[in-house]
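According to the numbering used here, the sequence shown is numbered sequentially starting from 148. Have a look at the structure below, then the notes.
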Amino acid sequence: MATKNSPETLRIRRLLRGLDRVFPDPKCELDYESTFQLLIAVILSAQCTDKRVNIVTPDLFRAYPTPEAMAGASQEAMEKLIHSTGFFRNKAKNIIACSRRIVERHNGQVPSSMEELVALAGVARKTANVVLGECFGIAEGVVVDTHVARQSNLLGLTKQKDPKRIEKDLMALIPKKKWIKFSHQMVLHGRRTCIARRPQCDECTLAKDCPSRMKKN
Numbered sequence: 148m149a150t151k152n153s154p155e156t157l158r159i160r161r162l163l164r165g166l167d168r169v170f171p172d173p174k175c176e177l178d179y180e181s182t183f184q185l186l187i188a189v190i191l192s193a194q195c196t197d198k199r200v201n202i203v204t205p206d207l208f209r210a211y212p213t214p215e216a217m218a219g220a221s222q223e224a225m226e227k228l229i230h231s232t233g234f235f236r237n238k239a240k241n242i243i244a245c246s247r248r249i250v251e252r253h254n255g256q257v258p259s260s261m262e263e264l265v266a267l268a269g270v271a272r273k274t275a276n277v278v279l280g281e282c283f284g285i286a287e288g289v290v291v292d293t294h295v296a297r298q299s300n301l302l303g304l305t306k307q308k309d310p311k312r313i314e315k316d317l318m319a320l321i322p323k324k325k326w327i328k329f330s331h332q333m334v335l336h337g338r339r340t341c342i343a344r345r346p347q348c349d350e351c352t353l354a355k356d357c358p359s360r361m362k363k364n
């Protein structure tokens, strides 16, 4: 484990400062008006872009504005509304089941603990971390989506491929008070600069401390 003033600790501090300069006030790019809407939007975002989800959710939430309404949706009607997000059959099934549990077990309110959230259909740690951080300000862990997983390896913050193991490594390296902000920053950095198929290394503020950039050069 890196000591307080080890070269690796200092490098991570520089990485965090670099992210702060580029993304001083990062926000979730999914559109939502309530905790429940964000939860459903994150479930839909699996293997789908936020842009596509934001196109789908206005009609979805007009049709089913509350957990109670969504719990009563038919599988067929739900599939039709979310079809373009991909994996629509499984997502529809999970969204309806998730809504029913929220109504039956939580009085129509999205729970605010990791344990209760991951017990909902279609909700794993990534989704729970997004909701806890964005809506409740609770830093239970680090969001590990495809962007965060890829960049964490490129930046030498982990050698793992499994999201849970990546999250564990990041939680050990990043100060807890920065977990929520760091998650948003890494997602945005992956979309804006460290793009999977065409990384903009020459424009990257993290390049000097990126071992993958060094190897490339």
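Virtual Cβ for every residue (Gly too), placed ideally from N, Cα, C. None of the values given here were measured: they were computed from a predicted structure.
Following the continuous alpha helix (DSSP H) through residue i, name the residue where it begins and the one where it ends.
i, result
"Ile285", "From DSSP, Ile285 is part of no alpha helix (DSSP H); its letter is neither H nor E."
"Gly337", "Trp326 to Arg339"
"Gly165", "Pro154 to Val169"
"Ile249", "Phe235 to His253"
"Ser231", "Note, Ser231: premise wrong, no alpha helix (DSSP H); not H, not E."
"Gln298", "Thr293 to Leu301"
"Val210", "Rather than Val, the amino acid found at residue 210 in this sequence is Ala. Asp197 to Ala210 is the span of the alpha helix (DSSP H), which, as asked, contains Ala210."
So what does DSSP say about residue i, is it helix, strand or coil?
i, result
"Ser181", "coil"
"Pro322", "coil"
"Ala218", "helix"
"Val257", "coil"
"Gly280", "helix"
"Asp316", "helix"
"Pro358", "helix"
"Ile342", "coil"
"Pro173", "coil"
"Thr116", "The question about residue 116 has no answer here: the residues shown for the chain are numbered 148 through 364."
Would you call the CB atoms of residue i and residue j closer than 9 Å?
i, j, result
"Pro173", "Gln347", "no"
"Val291", "Lys273", "yes"
"Lys238", "Ile285", "no"
"Ala210", "Ala216", "yes"
"His253", "Glu263", "yes"
"Phe170", "Leu304", "no"
"Thr352", "Arg168", "yes"
Quick check on residue i: buried or exposed, where buried means 16 or more other Cβ atoms within 10 Å of its Cβ?
i, result
"Leu157", "exposed"
"Lys328", "buried"
"Ile342", "exposed"
"Glu314", "buried"
"Pro214", "buried"
"Ser221", "exposed"
"Gly288", "buried"
"Pro416", "The structure shown does not extend to residue 416, since the chain is modelled only from 148 to 364, so the question has no answer here."
"Ser192", "buried"
"Asn152", "exposed"
Item to check | Touching by the beta-carbon criterion (3+ pairs, under 8 Å), the stretch 268-283 and the stretch 231-249 | outcome: yes
Checklist entry - If you pair each beta-carbon of the stretch 169-188 with each one of the stretch 247-261, do three or more pairs fall below 8 Å? => result yes
Checklist entry - Is the stretch 192-202 in contact with the stretch 176-183, if contact means three or more CB pairs nearer than 8 Å? => result yes
Checklist entry - Does the stretch 298-316 come close enough to the stretch 351-361 that 3 or more CB-CB pairs lie under 8 Å? => result For the pair of segments examined, the stretch 351-361 was found to touch the stretch 298-316: the number of CB pairs separated by less than 8 Å reaches three.
Next on the checklist: Closer than 8 Å is the cut-off here; do at least three beta carbon pairs connect the stretch 203-210 with the stretch 275-290?
Outcome noted: Short answer: they don't touch.
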